[in-house]
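Residue numbers (the UniProt record's numbering): 1 to 150. Ideal Cβ positions, reconstructed from N, Cα and C, are used throughout, including at glycine. All figures in this text were calculated on a predicted structure; none of them were measured in a lab.
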């Protein structure tokens with residue numbers, strides 16, 4: 001809940017409506033996806049695939065990155081902020097986040113891609129490959145979070 005705790009302490013600005021039915025909720029203008037965010041997400045997905053991640057491994061690695069950067073997953077954070085995100089739309093839940101959270105994820109995904117590309121991953125065993133990719137993503141998330149205000 002690192003991002004959420006930080007977010008609750010921020011002064012109200014014209015970009016965000018802080019109170020709706022007692023909960024935090026981004027306005028329509030603040031929940032627009034950042035330019036380049038989808039490209040960074042796709043590039044990171046390609047890098048994971050190139051290193052040998054399977055679908056489950058990539059999902060777990062993305063979840064690890066989001067959790068390290070935000071304190072919980074983008075889906076969980078969007079739900080906590082009262083966004084209308086369904087489980088079916090969880091893959092795109094980053095679009096429902098406030099701009100600072102989207103920026104943090106964008107920075108994290110870019111860093112994770114380059115970190116992963118520079119990491120030697122053993123591809124002998126799928127489980128081990130997925131675990132190594134997830135560990136790389138988790139480390140990238142930790143390093144990215146050091147730059148963020150929360």
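Spatial distance of residue i from residue j (CA atoms)
{"i": "residue 41", "j": "residue 113", "result": "9 Å"}
{"i": "residue 130", "j": "residue 78", "result": "26 Å"}
{"i": "residue 28", "j": "residue 100", "result": "The pLDDT assigned to residue 28 is 42, lower than 50, so where the model puts this residue is not dependable; a value taken from the coordinates is nonetheless given after this. Cα to Cα, the separation comes out at about 15 Å."}
{"i": "residue 97", "j": "residue 62", "result": "16 Å"}
{"i": "residue 23", "j": "residue 7", "result": "Bear in mind that a pLDDT of 45 at residue 23, under 50, signals an unreliable position, so the number given afterwards is only what the model happens to contain. When rounded, the distance between both Cα atoms is 12 Å."}
{"i": "residue 105", "j": "residue 11", "result": "22 Å"}
{"i": "residue 123", "j": "residue 107", "result": "27 Å"}
{"i": "residue 103", "j": "residue 60", "result": "21 Å"}
{"i": "residue 9", "j": "residue 76", "result": "19 Å"}
{"i": "residue 45", "j": "residue 39", "result": "10 Å"}
{"i": "residue 125", "j": "residue 139", "result": "21 Å"}
Residue i Cβ short of 8 Å to the ligand ZN heavy atom set
{"i": "residue 105", "result": "As for the ligand ZN, it is missing from this structure, which has no ligand bound."}
C-beta atoms of residue i and residue j nearer than 9 Å
{"i": "residue 69", "j": "residue 148", "result": "yes"}
{"i": "residue 109", "j": "residue 37", "result": "yes"}
{"i": "residue 72", "j": "residue 1", "result": "yes"}
{"i": "residue 119", "j": "residue 51", "result": "yes"}
For residue j and residue i, believed in contact at Cβ under 8 Å, the rounded distance
{"i": "residue 111", "j": "residue 143", "result": "7 Å"}
{"i": "residue 57", "j": "residue 133", "result": "6 Å"}
{"i": "residue 48", "j": "residue 116", "result": "7 Å"}
{"i": "residue 66", "j": "residue 74", "result": "5 Å"}
Three-state secondary structure (DSSP) of residue i
{"i": "residue 5", "result": "helix"}
{"i": "residue 36", "result": "coil"}
{"i": "residue 42", "result": "helix"}
{"i": "residue 28", "result": "Its pLDDT being 42, under 50, residue 28 is placed unreliably by the model, and nothing is read from it."}
{"i": "residue 139", "result": "helix"}
| task | Let me know the alpha helix (DSSP H) ranges lying completely inside the stretch 50-135, each 4 residues or longer, listed in chain order. | result | 55-70, 74-80 and 99-117
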